[in-house]
Every structure is written in structure tokens, then in C-alpha cells.
Amino acid sequence: MKPENFTEQCVGAEEFCNLSREEYITMLNEYIYPQTYEWVLIATHTAVFVIGLVGNALVCVAVYRNHSMRTVTNYFLVNLAVADFMVILFCLPATVLWDVTETWFLGDALCKIILYFQSVSVTVSVLTLTFISVDRWYAICFPLKFKSTINRAKTAILLIWTISLTFNAPELVVLTTEKLVPLRFDLEYLVQCTATWSYTSDLVWHITKVVFIYTIPLLLMTVAYHQIVRVLWRSDNVPGQAETIKLASAEQTQLRSRRKAAKMLVAVVIMFAVCYFPVHLLSVLRYMPNIKQDDILTCLALLSHVLCYANSAINPLIYNFMSGKYRREFKRAFCCSSTLSLESQTTTSRLTSKRQDMRCQHICHQRQYRNMCHTCLVRNSCRNNFMN
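Residue numbering for the sequence shown follows my numbering, beginning at 759 and increasing consecutively.
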């Protein structure tokens, strides 16, 4: 029995001191229940979740099923898709729940693992885009000095994950759950997943991430793609070919293909820069002494989280709109096996016919082999070459 003169100490706002435990819990439940704008936020994240999972899975399936797409660039894009797929699957639901309820319900272990893995995935994404830009820069600007291979791409991907896991390791140590808002009862409400190191250390850490995981890689990619665009659009010559050689049909096709690939990669980099700029800006601004946490800053923070996850879902859409190969493979993923077989046979026959046609034209140009051209006189191009 409590003594008659015992007075229970009130924790938190005085207006809630007279509430019973049940009334107190009801009040907290009403507080964390989603408001109208938060339902819009949930719906937006749900759309990003579905599009991101399906799109990134299709990227992996497309490269796996089509051997001709197993290029160095596509290996890097698959690595990017794997990182995006995993962060959407494991990190997006937890972040939405946290943003809406202002409470981390998943415990201390998942606080460390989920936020650490989210940081790792962002680092993997930016390093992958950087490696792609450097690889394309060497291949297009210095075609005779550098040979890009699949084995080198696999080694680079292993290096990317090693650097990402190591760079973000401090978060595994400092992240933990804390009750930053005092409550009257021992309840798991308004718990936050936060870093335990000092204010200064946290500021230095975020500035370091902004510099090394956003600013410097973005500058490198900008310089690389600027030079790539200059080389690919300054003339009608494939890099590595002599200026005086007039491009054949196959070389023109190769040049157009490289230009399309460059446009697609530049679009991916621009979307990355746009989507991650707000979250990096806010991560530094919130430490400024004159910046106060108000409703506007909270809404901007929620919007920045949406953009980060949207970036993981938008890359497959870019591939679909800007790459014919990815678009065809995405369509094939929803077709039956007989259709796939028919398309494969049709594609093979077209390639074979094109090779025979090019070989025939080459022979027709050789005057000493005119007798060999009778088999291809039905082709107008060969007939014209023969008669001239």
C-alpha cells in the first residue's frame, strides 16, 4: 500500500498526469495514427515499393537470360539493381513505419542492421555509378589503352561492396534505440534509432558522407561524361577509328548504340544527383544553430526519404524508355516460352542474313571475283555494285 502522503511523480506534460494507463495509451495511439498527408506518403511508398521490386528484378532477369547483354556496363547495372532491390525490400517498410509513427518499433538489433545496410546500399549505388563512368571514359576516350573485361568488372564489384561495408562500419557501433521523449509509463512509443556519439562527431560524420559519397563522385562522373559526350558527338567516327575512314553500316550502328548508352547513363546519374541532394542537404542543415525543427522541415525530410527510395525504383524505368534491349527483355519476361523461342530464331536469322549480305557486298567490290557474285545478284545493292 502506498502511504497517504505519497505523490506520484508526473513525467512529461502536466496535462496528461491525471490520465490512467489505458487513457494514456489511447492518447498515444491517436497521436501516432497516420494523418491525411501521411496516408498519401504511405500510398506513394507503396507504389515505389512495387515498382522498385518488379523493375530491379527484371533488370537482373534480362541480363541473366540474354547472353548478348552480359557486358561490363550491364554487370555494373545488375549490381546497382541488386543494391536497390534489397534496400527497397528491407529498408523501405521500416522507414515508412518510423516516419509515420515517429517510433522505431523494431528493436536495437534491427536499428543497427537496417540503417547500416541502407547506408551501405547508397554507397554501393554511388560507387557503381562512378565505376561505370570511369570504365566508359577509358573505353571511349582511350580505346587503344584500356581493355574492359568481365573479370575486371567482377573484381570492381567486389571492391565496391568491400569499400561500402567498411566505410559505413561505424554506424554498427554507434546506432542504438533511445527514448528521447519522456513517457509516464514504460511504453515502446516514440523510441528513436539514433547515434550515441557526440554532436560534433555526428556532424563530422554527415559532412564526410556528403563529401565522399555524393560531392566528389558526382564531380568525377560529371567530368567523365562531359568528355564522353564530346568524343561521341564531335564527329561521325567511332573512337579508335581513323578520321579518314568512312563509317560502314555496322560502325554507324555501333556509334548510335554508344550514344544511346551514354544518354541512358547520364540520365541515371542526373536522377541520382537530384534524388539524393535534399537528404544530404538536410542532414547538414539540421545541425546549424539557426535551423529549428518545424513542420516545414519535417515535411521536407519526409519528401527527401521518398526521393531516395524513388531513385532505387526509377532506374529500371530509365532503362525501359532509353534502351531497346532492356525494353525487349522486359517484354519477353511476360511472354510465354514459345514466343521467346520464335523471337530468338527470328533474331538469329536476321543476324545471319545481315552477315551474309555484308559478306556478299564485300565480294562484289572485288573485281576479280565477279563470277562469285551470281548467287547474290537478286540483291539490289549487290547488283548495283557489280554493274558499276
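By construction, the Cβ of each residue, glycine as well, lies at the ideal position given by its N, Cα and C atoms.
| Query | Result |
| --- | --- |
| Just to confirm my understanding: we take I921, look at its own chain, exclude 5 residues before and 5 after, and list those with CB closer than 8 Å. What are they? | T881 and L885 |
| By the three-class DSSP mapping on this structure, what secondary structure does Q950 have? | strand |
| Just to confirm my understanding: we take F943, look at its own chain, exclude 5 residues before and 5 after, and list those with CB closer than 7 Å. What are they? | R779 and Y782 |
| What do you get for C775, buried or exposed, if any count of 16 or more other CB atoms within 10 angstroms of its CB means buried? | exposed |
| Along the chain, where does the alpha helix (DSSP H) that runs through L885 open and close? | G865 to C899 |
| Starting from T935, trace the beta strand (DSSP E) both ways and give me its first and last residue. | L933 to K937 |
| Is Y1084 buried or exposed, if buried means 16 or more other CB atoms sit within 10 Å of its CB? | buried |
| Using a Cβ-Cβ cutoff of less than 8 Å, which residues in the same chain neighbour L1040 once the five nearest sequence positions on both sides are dropped? | L1055, L1058, A1059 and S1062 |
| State the CB to CB distance for the pair M1029 and N1069, rounded to an integer number of angstroms; the pair is presumed to be in contact (CB under 8 Å). | 6 Å |
| Distance, Cα to Cα, K870 vs T913? | 28 Å |
| My assumption, with CB atoms under 8 Å, is that T831 sits in contact with I890. Please give the rounded CB distance. | 6 Å |
| Where do the ends of the alpha helix (DSSP H) carrying Y1045 lie? | Neither: Y1045 is in no alpha helix (DSSP H) and is coded neither H nor E. |
| Who are the near neighbours of T711 in its chain, counting only those whose CB is closer than 8 Å to its CB and skipping five residues on each side? | No answer is possible for residue 711: the residues shown for the chain start at 759 and end at 1146. |
| Give me the residue from V987, L930, Y1034 and V817 with the minimum Cα distance to K1148. | Because residue 1148 is not part of the residues shown, which for the chain are 759 to 1146, the question remains open. |
| Could you give the C-beta distance for S1088 and N1073, rounded to a whole number, given that I count them as a contact under 8 Å? | What sits at residue 1088 in the sequence shown is Phe, not Ser. Actually they do not touch by this definition, with Cβ atoms about 13 Å apart. |
| Buried or exposed, going by whether 16 or more other CB atoms sit within 10 Å of the CB of K905? | exposed |
| Here's the rule: buried if 16 or more other CB atoms are within 10 angstroms of the residue's CB, otherwise exposed. What is L976? | buried |
| Closer than 6 Å by C-beta to L777: which residues in its own chain qualify, once you throw out the five before and the five after it? Chain order, please. | none |
| Please list the terminal residues of the continuous alpha helix (DSSP H) segment that includes V1169. | Lying before the first or after the last residue shown, residue 1169 is absent from the chain, which here runs from 759 to 1146. |
| Quick one: any contact between the stretch 781 to 797 and the stretch 814 to 828, if contact means 3 or more CB pairs under 8 Å? | no |
| To the nearest angstrom, how far is the alpha carbon of I965 from that of V1037? | 12 Å |
| Can you tell which of V858, G813 and R828 has the C-alpha that lies nearest to the C-alpha of Q793? | V858 |
| So, with DSSP's three-state summary, where would you put S906? | coil |
| So, T952 versus E936, is the Cβ gap smaller than 8 Å? | yes |
| Would E929 and S883 qualify as a contact pair, given that the criterion is a beta-carbon distance under 8 Å? | no |
| Hey, how far is the Cα of Y795 from the Cα of P901? | 52 Å |
| Can you name the start and end residues of the alpha helix (DSSP H) that V962 belongs to? | Y957 to V968 |
| Return helix, strand or coil for C1093, following the three-state DSSP convention. | coil |
| Where does F943 fall in DSSP's three states? | coil |
| Reducing DSSP to helix, strand and coil, say where Q793 ends up. | coil |
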